[in-house]
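Working notes for the structure below.
Numbering (the numbering used here), first residue to last: 881 to 1014.
Take a look at the structure:
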């Protein structure tokens, strides 16, 4: 349960971007997960993050955010049976819902995206784990 709580808190600042005309919000979210799997520094992810998320990272201590990046990367690597289950677009906002197994527990993510200057960016990721095994 501690992992779930930490996930919800730390993933709030995760973000990525792809040209809106070349990728759907779902594709952007999928690319976000792919980038996280191999991330070794925030500089690798910053080009894909919303400006507010970058500011959040830069305004906190480096050691804290270095640990969080490692934690987020390990979660992305541990996701099994990842599947996007829903995408909704309303103007400059979009929501993507996904499901997967994490630590053999059914898990979902609700992802909020913004279209900023023609580019979809992940604004918020909220992870929830059920008490049901996969």
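Beta carbons are placed, not taken as given, at the ideal position from N, Cα and C, and that holds for glycine.
Skipping 5 residues on each side, what residues in its chain have a beta carbon closer than 6 Å to that of residue 977?
965, 966 and 990
When 981, 992 and 999 are compared against residue 1009, the one with the closest alpha-carbon:
981
To test your reading of the DSSP string, which unbroken alpha helix (DSSP H) runs of 4 or more residues are found completely within the stretch 907-990?
922-925, 931-938 and 942-958
For the structure I just gave you, are there three or more beta carbon pairs, one from the stretch 944-956 and one from the stretch 913-928, closer than 8 Å?
yes
According to DSSP, what are the bridge partners of residue 1011?
Residue 1011 pairs with nothing; no bridge assigned.
Between 997, 1013, 992 and 1014, which has its C-alpha nearest residue 1005's C-alpha?
992
Counted within 10 angstroms of its Cβ, other Cβ atoms place residue 924 as buried (16 or more) or exposed:
exposed
So, is residue 905 buried or exposed, given that buried needs 16 or more other C-beta atoms within 10 angstroms?
buried
Taking buried to mean at least 16 other C-beta atoms within 10 Å of its own C-beta, is residue 974 buried or exposed?
buried
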